[in-house]
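Numbering (the UniProt record's numbering), first residue to last: 1 to 384.
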């Protein structure tokens, strides 16, 4: 009898259910009644506390198109996995005990970067583990694409599409804040697909004056509105020069709700144009998977079942060159897949005039702006 455990951990996204379905249906097809699948509730919490239930084929029926996760999820930070409770027992020890008590043959884990680091930790402790790459940020190293990313891109693109009409009607600048703390894949692709005029991502720190210059250039060329796609992890060039400690302190003191609101305030002060912020937030993670993600998750899920069949544990199921492959968790854990600044997508965006807020400003323009600021200050002093 094969005994397989499954859990979904971290933030939810589209495709979790369809991935679970792909794994389960392939296992039932291979082993029939000789396999038992156990679902841990709320991610690693369920594994830690032994909160688990025996699943049946019926549980995986009709969930291909449903968003969220039938198992529930929670965040269990990797940095706290070795923290001990009042009895001196850490979370890793509890998870190992649950795994051994249930006599599992393998644990299938669906999650992103933090989840994968913990999965690798369990592998190092001797557990048979297989992980599946989940995140709308597409920032998991080792795979060309993660499930949930394509659907989230569709949603973010649709938001930008719909903002165009109201931005045009009111001659406004709209900042659309898109998810992605450490990597700008989602903002970059949705920005290009949605026809954004400026795209700000963490990998390319922006200069406020360059952004203002782009707004002025568009107004000069007869464009009364501008769409700015802003990654939630976007940073200024000044912030990029800070140490991690300095950056955290600076952001902790920031009074604006997010980087987009700070940027909106700064742009409003600099150019006098009406600025609005749109934050679709968790809409980007909600709803069912699109057709692409349904196919991708089915391929990844059945790929995990094949690894279980051949006892190829300790791997993440990935897609490379449109092929499903196994990538060692030891190579994946702790690595972030960011956007290369010379990426073809970045170059294509630049080629059609999209600004990344890092363009150099012509010296004469900058000198004039500095002079205007100085003249204004001198005038204010005289009036005082």
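By construction, the Cβ of each residue, glycine as well, lies at the ideal position given by its N, Cα and C atoms.
The structure presented is a predicted model; accordingly, all values stated were derived computationally and were not measured.
Candidates 352, 164 and 246, of which the one nearest residue 238 by Cα:
Out of 352, 164 and 246, 246 has the C-alpha closest to the C-alpha of residue 238.
If the criterion is Cβ atoms closer than 8 Å, does the pair residue 51 and residue 58 meet it?
Not closer than 8 Å, so no.
Thinking residue 210 and residue 361 are a contact (beta carbons under 8 Å), I'd like their distance in whole angstroms, please.
Yes, residue 210 and residue 361 are in contact; Cβ-Cβ is about 6 Å, under 8 Å.
Could you tell me whether the region 211-230 touches the region 173-187, where touching means 3 or more Cβ pairs closer than 8 Å?
Segments in contact, yes.
Helix, strand or coil, according to DSSP, for residue 61 in the structure here?
Residue 61: coil per DSSP, three-state reduction.
Return the first residue and the last residue of the beta strand (DSSP E) that residue 106 is part of.
It spans 106-111 - the beta strand (DSSP E) in which residue 106 sits, taken as one unbroken run.
Given residue 268, which residues of its chain have a CB within under 8 Å of its CB, disregarding the five upstream and five downstream residues?
Result list for residue 268: 274 and 275, in chain order.
Have a look at 270, 202, 7 and 327 and flag the residue whose alpha-carbon is nearest the alpha-carbon of residue 99.
Selected option, being the one with the closest Cα: 7.
On the three-state DSSP scale, how would you describe residue 144?
Coil, per DSSP.
Please name the residue or residues paired with residue 155 in a DSSP beta bridge.
According to DSSP, residue 155 bridges with nothing at all.
Taking the alpha carbon of residue 24 as the reference point, which residue from 231, 308, 312 and 340 has its own alpha carbon closest?
The option with the nearest alpha carbon to residue 24 is 308.
Quick one: using the 10 Å Cβ neighbour count with 16 as the cut-off for buried, is residue 301 buried or exposed?
Looking at its Cβ environment, which holds 16 or more other Cβ atoms inside 10 Å, residue 301 is buried.
Can you give the Cα-Cα distance for residue 184 and residue 164, rounded to whole angstroms?
Cα to Cα, the separation comes out at about 21 Å.
So, do the region 78-85 and the region 36-43 have three or more beta carbon pairs nearer to each other than 8 Å?
Contact fails: fewer than three Cβ-Cβ distances are below 8 Å.
Quick one: which unbroken alpha helix (DSSP H) runs of 4-plus residues sit fully inside the region 220-253? Chain order, please.
Look at the region 220-253 and you find these whole runs of alpha helix (DSSP H), each 4 residues long or longer: 237-240 and 244-253.
Under DSSP, the beta strand (DSSP E) around residue 37 begins and ends at which residues?
Residue 37: member of the beta strand (DSSP E) spanning 35-40, first to last residue.
Element boundaries [alpha helix (DSSP H), containing residue 330]
From DSSP, the alpha helix (DSSP H) with residue 330 extends over 329-332.
Please determine if the region 324-332 and the region 116-134 are in contact, where contact requires at least 3 C-beta pairs separated by less than 8 Å.
With a cut-off of 8 Å, the region 116-134 and the region 324-332 count as touching, because enough Cβ pairs lie within range.
On the criterion of 16 or more Cβ atoms from any shown chain inside 10 Å, does residue 136 qualify as buried, or is it exposed?
Counting the other CB atoms within 10 Å of its CB gives residue 136 a total of 16 or more, which places it among the buried residues.
Output the distance between the C-alpha atoms of residue 155 and residue 1, rounded to the nearest integer angstrom.
Using only the alpha carbons, I get a separation of about 42 Å.
What does the Cβ neighbour count give for residue 139, buried or exposed, with the cut at 16 atoms within 10 Å?
Here residue 139 is buried, its C-beta having at least 16 other C-beta atoms within 10 Å.
Alpha carbon to alpha carbon, what distance is there between residue 30 and residue 199?
Distance between the alpha carbons of residue 199 and residue 30: 47 Å.
Among residues of its own chain, excluding the 5 on either side of residue 365, which ones have a beta-carbon nearer than 8 Å to its beta-carbon?
Bear in mind that a pLDDT of 49 at residue 365, under 50, signals an unreliable position, so the number given afterwards is only what the model happens to contain. Around residue 365: 213.
Going straight from the alpha carbon of residue 104 to that of residue 129, what length do you get?
Residue 104 and residue 129 have their C-alpha atoms roughly 10 Å apart.
Pairing CB atoms from the region 189-196 with CB atoms from the region 311-321, are three or more of them under 8 Å?
No, the region 189-196 does not touch the region 311-321.
Excluding the 5 residues preceding and the 5 following residue 151 in the sequence, name in chain order all residues of the same chain whose CB lies nearer than 6 Å to its CB.
Around residue 151: 14, 289, 290 and 293.
Going by beta-carbon coordinates alone, are residue 88 and residue 12 separated by less than 8 Å?
The Cβ atoms of residue 88 and residue 12 lie no closer than 8 Å to each other.
Measure the beta-carbon distance from residue 141 to residue 335 and round it to whole angstroms, keeping in mind my assumption that it falls under 8 Å.
Sure, about 4 Å apart at Cβ, within 8 Å.
I need the boundaries of the alpha helix (DSSP H) containing residue 92, first residue and last residue.
Per DSSP, residue 92 belongs to the alpha helix (DSSP H) from 91-101.
For residue 255, count neighbouring Cβ atoms within 10 angstroms of its own Cβ and tell me buried if that reaches 16, exposed if not.
That one is exposed.
Pick from 235, 47 and 338 that is closest to residue 395, judged by C-alpha positions:
What is shown of the chain runs 1 to 384, which leaves residue 395 out entirely.
Starting from residue 354 and walking both ways along the alpha helix (DSSP H), at which residues does that stretch end?
Unbroken run through residue 354: none, as it is neither H nor E.
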